[in-house]
Structures are given as C-alpha cells and as structure tokens.
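Remarks on the structure that follows.
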Amino acid sequence: MRIAVFLPLLVAAALPGCGKPEQPADVREFVYVSGAEPETLDPARMTGLLEGRLANGLFEGLATYDPKDLSPLPGAAEKWEISPDGLAYTFHLRDAIWSNGDPITAHDFAWSWRRVLEPETAASYAYMLYCIRGAQAFNEGAQADFDKVGIVAVDDRTLRVHLARVTPYFLELTAFSTFLPVHRKTVQKLGRAWASPKNLVARGVVNGPFIMKQWRINDRIVLERNPRYWDAANVVSDRIVALPIESEMTALNAYEEGRADFVTSVPLPLIVKLQARPDFHGSDYLGTYYYNFNTTRKPFDDVHVRQAFNIAVDKERLVRYVLKGGEKAARTFVPPQIPGYSAPDGPRFDPGEAAKLIAQAGYPGGKGFPRVKLLYNTSGRHKDVAEVLQEMWKENLNVTVELVNLEWKTHLATVRRKDYQIARAGWIGDYVDPNTFLDLFITDGGNNRTGWSNPDYDALIGSSGREPDAQKRMAIFRNAETILTNGMPIMPIYYYRVQNMYRDDVVGMYPNIRNVILLKHVGKGQRSRPGT
Amino acid sequence: MLSYLLRRLVISVPVLLAIIIVSFFLMRFAPGGPFDREKAFPPAIEKNLRARYHLDEPLAAQCLRYLGGLATGDLGASMKYPDLTVAEIIAQSLPVSMVLGLLALAIALAAGLPAGIIGAVRKGAWPDHATMTLSMLGISVPTLVIGPLLILAFSFGLAVFPSGGWGGAGQLVLPSLTLSAPFAAYIARLARSGMLDALSRDYIRTARAKGLSEMKVVLRHAIREALLPVISFVGPAAAAVMTGSVVVEKIFDVPGMGRHFVNGALNRDYPLVLGCVIVYSILIVIFNLAVDLGYGILDVRVKYD
C-alpha cells in the first residue's frame with residue numbers, strides 16, 4: 181500500500197498549483213511569453229533581454245526608460261546634473277523605500293555597483309560599467325582600492341559618478357539591468373543564493389513596481405504589485421505572469437488559446453500569414469545579422485575577395501523572397517535607427533563589379549578559387565540564408581562555398597579559435613549608440629572574431645570617448661564605420677526585426693528598437709490609469 | 008532472495024560510479040564550454056567565472072572534487088542557472104516527469120496489453136490486422152508529429168483540452184497520450200508475440216485438453232509467459248518515460264526533467280547533465296532489478312541464489 185501514499189505525494193510535488201483559491205475577478209493580470217527560463221534574476225549577473233525585462237519589473241535604476249523611445253526618465257533618482265565636460269554625473273535620489281520599508285539610499289547604489297565590479301561576483305556584464313573611472317582596473321583586479329573608482333555616495337540621497345570617457349548614453353545605462361540596485365542587507369545575509377527562486381519569493385527585497393510572488397522553474401514566474409513602490413499608482417497591472425515557453429509554436433498555441441496576452445517571437449514558417457494580422461506588430465530592431473570573414477587565412481585575407489563576396493549577393497532579394505518577415509537588407513553594420521547617427525553608404529549589389537574584384541584578387545571567373553566553408557549554427561533560418569547566398573556566390577563569382585552546420589556551442593568555440601573561413605554571427609545592441617556595435621572591431625577586441633585590425637579605426641573609436649560634442653562624436657563613428665565598410669572584415673546581411681504579437685486590449689506597448697517592454701506600463705483591458 | 012537483492016544493490020554502486028566518471032569526461036570532450044556565447048566575456052571576467060566553478064583546475068581534480076561533493080549528497084550548482092542547485096532543479100522537474108510518465112505508462116499498458124493479446128488470440132483475423140496496423144503507426148510516427156496532431160484535433164478542433172501548460176488535470180491528457188503512443192505500440196507487439204509463443208506450448212495444449220475455456224487458458228495460463236517480454240521492455244522503458252521526453256515537454260510546455268537533460272547538454276551545463284545522468288541511471292538500476300524480481304513471480308523456473 182506504499183504506492184497509495186507515494187502517488188498523492190508525487191502528484192502534490194508535481195502540481196503545486198492545484199487547489200489554489202480562485203482569484204478575485206478584478207485583479208488585472210497580464211500574461212506574457214518570456215521565451216526561456218531566466219538564467220538569473222540577480223541584476224549584477226544577468227546578460228539577456230528576457231532577464232532584463234523581469235529585472236526592470238522588480239528593480240528600478242537611477243533612471244528608467246521612457247517606454248515610448250527609451251530615453252531616460254527619473255527613476256530612483258528624481259533629478260541629476262551633468263558636468264559640462266560630460267564626465268561627472270550627480271544624481272539626487274527621491275525619498276523612496278524598498279519593499280521591506282528600508283529607505284533607498286545612494287549607498288545602496290554605490291554598494292550594488294561595487295558588487296558588480298568585485299571580481300568574486302564574476303558578473304558577466306561588469307564591462308558595462310567600464311565607462312566609470314577606475315572600474316575596469318578594479319574589476320580586473322589590477323587595482324584593489326574601491327576609493328579609486330569614480331562612484332561616490334556623497335550622502336544618503338546624493339550619488340556622484342565620475343566617468344573615464346564621454347558616455348552620452350550613460351543615463352540610459354543607469355536604467356540597464358547591470359546598474360539596478362540590490363538590497364544590501366538581504367544579499368549579505370543570504371549570500372549568493374539570495375536570488376534563488378525560493379529566496380526571491382520568501383525573502384526578496386526589491387525597489388521596483390513588482391515583487392516576486394511565485395517562481396516555478398520552466399513553468400511560470402508571477403509578479404505582484406509592490407504597494408511600497410513610489411509610483412505604485414501608475415503601475416497598470418496587479419499581476420504579471422511570465423511563461424518561459426521556448427518553442428515558438430507552443431507559445432503561439434498559448435496565445436491563440438488566450439492563455440497568453442503577448443508573445444515576442446513567432447514561428448518563422450508562419451511569418452507571412454501572421455504578419456497580415458492586426459495583432460502582429462513588427463518594427464525595427466537594434467540588431468544585425470552578418471557573416472564574419474576570417475581575415476587571417478586565405479582567401480579572405482585579401483580585401484578584394486571580401487568585397488567581392490559582399491557585393492555578389494543580392495540582400496534585397498534575400499529579405500524579400502526568403503526571410504519575408506519585414507527585415508531590411510544591411511549594407512553597413514550599425515542599424516539605421518540610432519538617433520543622431522547616419523551611417524556611410526555601403527556598397528550595393530553589383531555582380532559585374534564583384535567579378536572584377538575577384539579577378540583582381542587573382543581568380544578571374546572564379547578560376548583557381550579554393551573551396552571555402554561557411555559555418556552556421558543549426559537553428560532558425562540560418563540554413564535558408566546560407567543556401568541562398570551559396571547559390572548567389574556560385575552564380576555571380578563562380579566559386580563554390582560549402583555549408584557546414586554546427587551545434588551552437590561548437591560553432592562558438594570553432595569561430596573563437598578562428599578555425600573558419602566564413603561564419604554566421606549576429607549582434608544585438610545593449611544601448612542605443614553606435615559604440616555598442618563599432619567597438620567590436622577594435623584590434624583584438626573580445627568579440628572581434630575576424631582577426632581584422634586597423635590602427636586608424638582603433639584611434640577613432642578611442643577618440644570618440646574623449647569627444648564631448650555629440651555631433652562631432654557621431655561624425656567620428658561615421659568615419660570609423662567607413663573604414664570598417666571598406667575593410668569589410670564582416671559582411672552585414674540584414675537588420676533584425678521585432679516580431680511581437682498582442683491584441684488591441686493590451687496597453688503600454690510601444691514599438692522601440694531594443695524591444696524593451698516595461699512591465700510597469702503594460703496591462704490588459706480598457707480600464708486606464710493615469711500615466712498609461 | 009534478500010541476499011540476492013543486497014548483492015544486486017552492492018554491484019550497482021561501482022556501475023553508477025563508472026557511469027558518472029565516463030559521463031563526466033564525455034561531457035568535457037564536447038567543444039565549447041558553459042561560458043561561450045555570442046557576446047564573449049572580457050578575458051578577466053571569464054577567468055573569474057571559470058575560477059568560480061573550478062574549471063581552471065585539471066580535469067582529474069575536477070572529477071575528484073565532483074565525486075567528493077557527491078559523497079556528501081551535493082550535486083553542485085547549475086552553470087547556466089547560477090542561482091539554482093542541480094538538486095533544486097531535479098526536485099522540481101522529476102515529480103512532473105514521473106507523474107506524466109506513470110500516466111503514460113498506465114495508458115500504454117491499458118491499451119497495448121489487450122490489443123496484443125487479442126491480436127494473438129485472433130491471429131490472422133481482422134482484430135489482429137487492426138491492432139498491428141495501429142501499433143505500426145504508433146512505432147513509426149514520431150511523437151513530434153503525434154503531439155501537434157492531437158493539439159490540432161483536441162485543442163483547436165474540439166477545444167476540449169488545453170494545448171499546453173502545466174497545473175490542471177486537463178493539461179495532463181494530451182502530453183500523456185502523446186508520450187504513451189510509441190510505448191503502447193511496442194507493448195502491443197511484444198504482448199502479441201509473447202502470447203503466440205505461449206499458446207503453442209504443451210502445457211496450453213494440456214490445459215485445453217482438460218476442457219478449460221479458451222478465456223481461462225489465455226488469462227490464467229498463457230498470460231504469465233506472454234507478459235515476460237513485456238516486463239523486460241517496460242522496466243527500462245519506465246525509467247526512460249519517467250525522466251521525461253524533451254520533445255513532449257517542448258511541444259506541450261511541460262516543466263519536466265527531459266528538457267533539463269537535453270538543454271543542459273546543449274548549454275554545457277556540466278553539473279546539471281551529470282545530475283540528470285545520475286537520476287536516470289538510478290532509475291534504470293531500480294527498474295532492471297524490479298524486472299528481474301518480476302520474472303520470479305511470473306516464471307516459476309527463475310530462482311534467485
């Protein structure tokens with residue numbers, strides 16, 4: 181009869197949601213598909229967009245994003261001043277409290293940022309703070325004295341930050357997940373496990389619009405309104421439910437059944453059909469799909485070959501007839517929607533010129549051109565894109581490109597070893613500024629997989645950090661991108677698209693290029709509150 | 008009997024140890040590591056991360072460290088989900104997979120056994136053809152086709168069961184049906200051939216000669232032998248089905264253990280994969296033992312010494 185005892189216990193462990201009381205009808209609940217289980221909800225250690233979305237619901241930085249255009253709005257700080265040279269920021273915190281009633285102080289921020297930079301935290305995105313004076317040396321262990329880092333809590337309500345380089349997007353950064361404050365006493369008491377599901381639910385202390393109510397791995401995360409949040413009156417939903425559904429088809433099923441109000445990714449085979457629907461919301465995204473060329477190996481050590489490969493493919497045709505999701509063909513690397521920045525004109529599709537270039541490189545009519553391999557990871561549309569380009573290269577250059585698909589981690593490791601000739605890649609900007617794209621290709625940059633190096637380029641990227649004038653700074657980036665486009669260590673292919681689905685009873689959604697959705701502002705139903 | 012049980016359990020310890028050690032090194036042969044991603048970490052940060060998880064030590068030392076932790080019941084922390092311990096992940100996902108797996112197994116037995124027995128008894132007649140055609144379909148059509156077809160029919164066609172999610176009784180139906188399909192098919196085929204073998208035995212002829220009804224012959228005498236191949240299949244199959252199927256879990260958004268196993272391998276989350284391997288191996292050992300004990304009950308010729 182032991183089974184008779186064991187079975188109900190097992191069922192109780194598997195289905196803890198069973199038998200919970202019915203919710204009152206007037207609770208405003210918003211359910212969205214978050215796309216995957218968050219890796220962590222510790223702001224210091226998170227790196228992803230979906231984690232950031234939840235973090236911005238639980239925590240609030242000095243600034244927060246305007247949901248419409250991502251420009252900085254007062255958050256935990258009610259106002260700030262910037263020195264004329266653009267290197268010193270003084271934040272004045274508002275009188276607000278954590279969810280346990282403790283006051284939110286400048287010391288909380290100084291301590292939280294210090295925690296990000298401490299080598300023991302092993303924070304993956306610590307480099308986001310490298311724009312702060314002394315931060316990089318402290319994080320890398322070269323300099324152990326935190327007093328040398330430009331983060332000073334002047335008093336309980338004043339935080340002063342000294343930057344190492346001009347960072348016009350610094351205010352925007354203070355809203356980014358890495359810069360969010362954590363509750364010192366809680367973190368010190370619970371140690372590294374403070375952000376575990378159990379602890380966040382039972383003992384989590386937050387300063388954002390929501391508190392953590394429930395977290396079941398791979399099942400759901402439930403947030404509920406934080407009554408002690410300073411702007412609680414303007415929080416639209418009473419409850420937010422995030423479903424970590426990985427499969428886009430499964431997510432769409434949940435959406436179609438009404439179990440979810442919002443999905444951020446749709447099944448690609450259905451894109452044409454879904455795009456025609458009124459609840460499909462496509463918009464530009466701050467990301468670029470591109471191929472790396474290995475410039476340290478033949479034949480792509482020759483710039484003519486790289487240029488030939490680039491203009492031998494008709495990217496317009498690719499996005500229009502193969503991708504069909506509203507993507508835009510890319511002729512340059514930085515996506516075009518960054519305010520104040522205008523990219524140089526990249527080379528257009530020109531098979532005649534491409535043939536000339538490949539001949540110039542010593543392969544007239546593709547004769548004698550070695551067989552090269554294109555690496556891509558086994559996922560999404562990578563194969564479709566590679567096949568179309570393979571065909572275009574054959575047709576316009578008469579060269580044979582072999583396609584090799586690799587599992588994701590193998591792909592990353594292979595590309596990292598530079599054991600490739602052409603390799604697929606993608607880059608999503610962390611903030612709205614050309615720097616988040618262009619600083620990739622400095623010599624030996626951690627994400628520069630191409631081996632390409634250009635001293636003029638390096639010098640320009642370096643000088644952009646010393647230029648306080650916004651216009652001049654953008655001109656520097658434009659010059660840098662011109663060098664990048666001519667050197668062509670990478671071949672931009674297309675710009676990513678936001679492909680959201682939500683019905684018209686959802687409020688607080690605004691298309692923006694980082695697809696930042698602020699949970700504070702989103703909700704379902706027509707009942708409108710001030711500020712939505 | 009008891010000494011046999013004890014001996015088997017003692018033998019299983021070195022077996023498990025060997026599985027763990029081999030898996031440990033196999034995982035490390037895979038290219039890439041837990042901290043490889045599209046946006047690479049600066050070298051200093053990656054060094055900090057590797058040091059935190061002792062990945063900077065020699066492999067043998069890491070393996071010993073892991074086994075040492077294991078001896079104290081510590082399965083380690085996930086590398087992909089740094090706030091979660093492997094024990095926590097398994098504690099949440101294994102019950103889910105077990106409930107779904109047991110249900111699927113029950114369905115598979117309830118459908119497969121009668122189908123197989125009827126097929127054998129009516130060999131060559133239409134019930135035989137019908138059940139064998141169905142079982143051929145169950146074996147050859149993969150769950151990643153059956154699942155969406157069931158969703159199409161029951162979630163969007165008839166709208167009787169939700170297409171996915173976890174927490175309600177209705178949400179159990181489609182995933183457990185999908186999961187059970189191939190098992191039901193195998194069981195039907197095994198039961199049929201087992202029953203055919205049994206029905207050709209002398210003791211069955213004797214039973215018939217004594218004037219027993221065909222019903223009694225089949226259900227009292229032949230079935231013991233007919234069940235033997237089914238039992239040996241169901242043992243390891245139960246271990247597999249109860250540790251979750253990544254396909255079914257993805258299609259129906261079920262928070263089970265199969266996803267952790269596969270995603271863990273893809274993410275190079277070494278401790279999580281090893282944790283899943285250990286659970287799976289323990290279940291296999293237990294069910295194989297149960298199978299061998301089951302033989303003794305069904306077949307009087309089997310002796311434990």
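The listed protein sequences correspond, in order, to chains A and B.
Here the first sequence stands for residues 181 to 712, numbered as in the numbering used here.
Here the second sequence stands for residues 8 to 312, numbered as in the numbering used here.
Even glycine gets a Cβ: it sits at the ideal position worked out from N, Cα and C.
Q. According to DSSP, is glycine 372 of chain A helix, strand or coil?
A. In the sequence under discussion, the amino acid at residue 372 of chain A is arginine, which differs from the glycine named in the question. Residue state, collapsed to three classes: helix.
Q. Taking 9 Å as the CB-CB limit, is arginine 709 of chain A close to chain B?
A. Legend: pLDDT at arginine 709 of chain A = 44, less than 50; position of this residue unreliable, value from coordinates given subsequently. For arginine 709 of chain A, the answer is no, since every Cβ of chain B falls outside 9 Å of its Cβ.
Q. Given that proline 299 of chain A touches chain B, what residues does it touch there, using C-beta distances under 9 Å?
A. Neighbours of proline 299 of chain A on chain B, chain order: Ala51, Ile52, Lys54, Asn55, Ala58.
Q) Under a CB-based cut-off of 9 Å, is glutamate 64 of chain B close to chain A? A) Proximity of glutamate 64 of chain B to chain A, defined by a Cβ-Cβ separation below 9 Å, is not satisfied.
**Q.** Residue ranges of each alpha helix (DSSP H) within the region 482-566 of chain A, 4 or longer
**A.** The region 482-566 of chain A contains these whole alpha helix (DSSP H) runs: 483-491, 531-540.
Q. For the putative contact between valine 678 of chain A and glutamate 352 of chain A, defined by C-beta atoms under 8 Å, what is the C-beta separation to the nearest angstrom?
A. Contact flag wrong, Cβ pair sits at about 18 Å.
Q: At 8 Å on the CB atoms, spell out the chain B contacts of asparagine 615 of chain A, in chain order.
A: Per Cβ cutoff of 8 Å: no residues; asparagine 615 of chain A is ~14 Å from chain B at best.
(Q) Quick check on the burial criterion: 16 or more other C-beta atoms within 10 angstroms. Buried or exposed for proline 201 of chain A? (A) Since pLDDT at proline 201 of chain A reaches only 45, below the 50 mark, its modelled position is unreliable, and no value is offered.
**Q.** Whole-angstrom distance between serine 263 of chain A and arginine 59 of chain B, CA atom to CA atom
**A.** The straight-line gap from Cα to Cα measures roughly 39 Å.
(Q) Does chain A have any CB closer than 9 Å to the CB of methionine 105 of chain B? (A) When Cβ-Cβ separations below 9 Å define contact, methionine 105 of chain B makes contact with chain A.
Q.
Taking CB distances under 9 Å as the criterion, tell me whether tryptophan 154 of chain A reaches chain B.
A. An answer regarding residue 154 of chain A cannot be provided, because it is not within the stretch 181 to 712 covered by chain A.
Q. What distance in whole Å lies between the Cβ atoms of leucine 305 of chain B and arginine 231 of chain B, which are believed to be in contact at a cut-off of 8 Å?
A. Indeed they touch by this definition, with Cβ atoms about 5 Å apart.
Q: Give a yes or no on whether the C-beta atoms belonging to valine 332 of chain A and leucine 339 of chain A are separated by under 9 Å.
A: Yes. Within cutoff.
Q: Identify whether glutamine 651 of chain A lies in helix, strand or coil by the three-state DSSP scheme.
A: Reduced to three states, the DSSP call for glutamine 651 of chain A is helix.
**Q.** Proximity winner among B/Leu13, B/Tyr11, B/Leu12, B/Val29, relative to isoleucine 285 of chain B (alpha-carbon distances)
**A.** Closest option to isoleucine 285 of chain B, Cα to Cα, is B/Val29.
Q: Might you give, ordered along the chain, the residues of its own chain that have their beta carbon closer than 6 Å to the beta carbon of aspartate 63 of chain B, omitting 5 neighbours on each side?
A: Once the five neighbours on either side are set aside, the close Cβ partners of aspartate 63 of chain B are Arg57.
Q) What residues are listed by DSSP as bridge partners for valine 581 of chain A? A) When beta bridges are read from the DSSP output, valine 581 of chain A appears opposite A/Val552.
Q: Would you mind working out which of B/Arg196, B/Ser207, B/Arg44 sits nearest serine 147 of chain B, comparing C-alpha positions?
A: Selected option, being the one with the closest Cα: B/Arg196.
Q | Contact list for proline 262 of chain B against chain A, beta-carbon separation under 8 Å | A | Within 8 Å Cβ-Cβ: Arg396, Ile397, Asn398, Asp399.
Q) Where do the ends of the beta strand (DSSP E) carrying leucine 339 of chain A lie? A) Residue range 338-342 is occupied by the beta strand (DSSP E) that includes leucine 339 of chain A.
Q) Is the Cβ-Cβ distance between proline 247 of chain A and glutamate 231 of chain A less than 9 Å? A) Between proline 247 of chain A and glutamate 231 of chain A, the gap from beta carbon to beta carbon reaches 9 Å or more.
Q: Inspect the beta-carbon positions of aspartate 275 of chain A and histidine 363 of chain A and report whether they are closer than 9 Å.
A: Cβ atoms of aspartate 275 of chain A and histidine 363 of chain A: not closer than 9 Å.
Q) Would you call the region 295-309 of chain A and the region 373-386 of chain A touching, i.e. three or more CB-CB distances under 8 Å? A) By the Cβ test, the region 295-309 of chain A is not in contact with the region 373-386 of chain A, since fewer than three Cβ pairs between them sit closer than 8 Å.
**Q.** Against chain A: residues of the region 15-36 of chain B by CB proximity under 8 Å
**A.** Of all residues in the region 15-36 of chain B, none comes within less than 8 Å of chain A when Cβ atoms are compared.
Q. From what residue to what residue does the alpha helix (DSSP H) around glutamine 323 of chain A run?
A. Per DSSP, glutamine 323 of chain A belongs to no alpha helix (DSSP H) and is neither H nor E.
Q: Go ahead and pull the three-state DSSP assignment for arginine 201 of chain B.
A: The question names arginine, but residue 201 of chain B is glycine in the sequence shown. The DSSP-derived three-state label of glycine 201 of chain B is helix.
**Q.** Test: arginine 596 of chain A CB closer than 9 Å to a CB of chain B
**A.** Output row for arginine 596 of chain A: interface = yes.
Q. Run through DSSP, which three-state label would glycine 175 of chain B get?
A. In the three-state scheme derived from DSSP, where H, G and I count as helix and E and B as strand, glycine 175 of chain B is classed as coil.
Q. Looking at the unbroken alpha helix (DSSP H) that takes in glycine 716 of chain A, where does it start and where does it end?
A. Beyond the ends of chain A as shown, which are 181 and 712, falls residue 716 of chain A; an answer cannot be given.
(Q) Looking only at its chain, what residues have a beta carbon closer than 8 Å to the beta carbon of glycine 606 of chain A, apart from the 5 residues adjacent to it on each side? (A) For glycine 606 of chain A, where only same-chain residues beyond five positions count, the Cβ hits under 8 Å are Gly467, Thr468, Tyr469, Tyr470, Tyr676.
Q: Could you tell me whether any Cβ in chain A is nearer than 9 Å to the Cβ of arginine 275 of chain B?
A: Interface residue (Cβ-Cβ distance to chain A less than 9 Å): arginine 275 of chain B is classified as such.
Q: Consult DSSP for arginine 129 of chain B and reduce its assignment to one of helix, strand or coil.
A: Coil at arginine 129 of chain B, not helix or strand.
Q | CA-to-CA distance, methionine 689 of chain A to glutamate 404 of chain A, given in whole angstroms | A | Per the coordinates, the alpha-carbon of glutamate 404 of chain A lies some 19 Å from the alpha-carbon of methionine 689 of chain A.
Q: Say whether the region 261-277 of chain B touches the region 82-89 of chain B, bearing in mind that this needs 3 or more beta-carbon pairs closer than 8 Å, one atom from each stretch.
A: Short answer: they touch.
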